[in-house]
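Chemist:
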Amino acid sequence: LDELDDDDAAQKERNREDAITQQNTVQNEALASDPSASPLLQDTSRPVTSRYKSSAGPASEEEVPGNRYSARTDRSGYSRHNREANPAGSGALERRLEELERELAKERQENVRLLKIQQDKDEMIGKLREEIDLLNRDLDDIEDENEQLKQENKTLLKVVGQLTR
1 LDELDDDDAA
11 QKERNREDAI
21 TQQNTVQNEA
31 LASDPSASPL
41 LQDTSRPVTS
51 RYKSSAGPAS
61 EEEVPGNRYS
71 ARTDRSGYSR
81 HNREANPAGS
91 GALERRLEEL
101 ERELAKERQE
111 NVRLLKIQQD
121 KDEMIGKLRE
131 EIDLLNRDLD
141 DIEDENEQLK
151 QENKTLLKVV
161 GQLTR
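Quick note on numbering: UniProt numbering labels position 62 of the sequence shown as 62, and the sequence is numbered without any gaps.
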């Protein structure tokens, strides 16, 4: 009878952990789909282009190929397995997981900030290239005008030389 009670208790514990895992997964997916729900995941209001996608705005994790930090990653099997192996340490594991998720959110914000800086620099480079092109055209026009004035001066010097004879 004690074995049956132990099996029932273990089954109830697994069911409880599965329910918590599923609740956390739903909550994480909600946060991933609605970044305004968490201040740590909030995006800046400035558009950012991604190297993986041509549209403005940061690409979601699912759109970036090879993203190992996808919010859709199913950690339930891994978490449940660890909790069964060490039920006393599950609180520490959950705290560590929360700490890592906060760190990940900070890194994502930093990534968005760096992408914005890169975009601003790319825009500045484009503007400077346009300015250089305009200045080069102006320089070509000025050089052409200078050459024309030299020809006119030669002609005038010839005429003045003929008049003084």
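Positions of the beta carbon are idealized from the N, C-alpha and C atoms, including for glycine. No experiment lies behind these values; they were computed from the predicted model shown.
Which term fits L115, buried or exposed, when burial requires 16 or more other beta carbons within 10 angstroms of its beta carbon?
Modeler: Within the sequence shown, residue 115 is the residue found at index 115, counting from 1. Buried, because 16 or more other Cβ atoms sit within 10 Å of the Cβ of L115.
Chemist: With G161 as the anchor, note down where its alpha helix (DSSP H) starts and where it stops.
Modeler: On the sequence shown, residue 161 is found 161 positions in, with the first residue counted as 1. Here the alpha helix (DSSP H) through G161 covers 90–164.
Chemist: Drop a sphere of 10 angstroms on the beta-carbon of D7, count the other beta-carbons inside from all chains shown, and report buried for 16 or more, exposed for fewer.
Modeler: Taking the sequence shown and counting its residues from 1, one reaches residue 7 at position 7. With fewer than 16 other Cβ atoms within 10 Å, it is exposed.
Chemist: For Q162 and I132, what's the separation of their Cα atoms in angstroms?
Modeler: As a first step, residue 162 is located in the sequence shown; it is residue number 162 there, counting from the start. As a first step, residue 132 is located in the sequence shown; it is residue number 132 there, counting from the start. The alpha-carbon atoms of Q162 and I132 are separated by roughly 45 Å.
Chemist: Does DSSP put E61 in a helix, in a strand, or in coil?
Modeler: Indexing the sequence shown from 1 puts residue 61 at position 61. For E61, the predicted model reports a pLDDT of 44, less than 50, meaning its position is unreliable and no value from the coordinates is stated.
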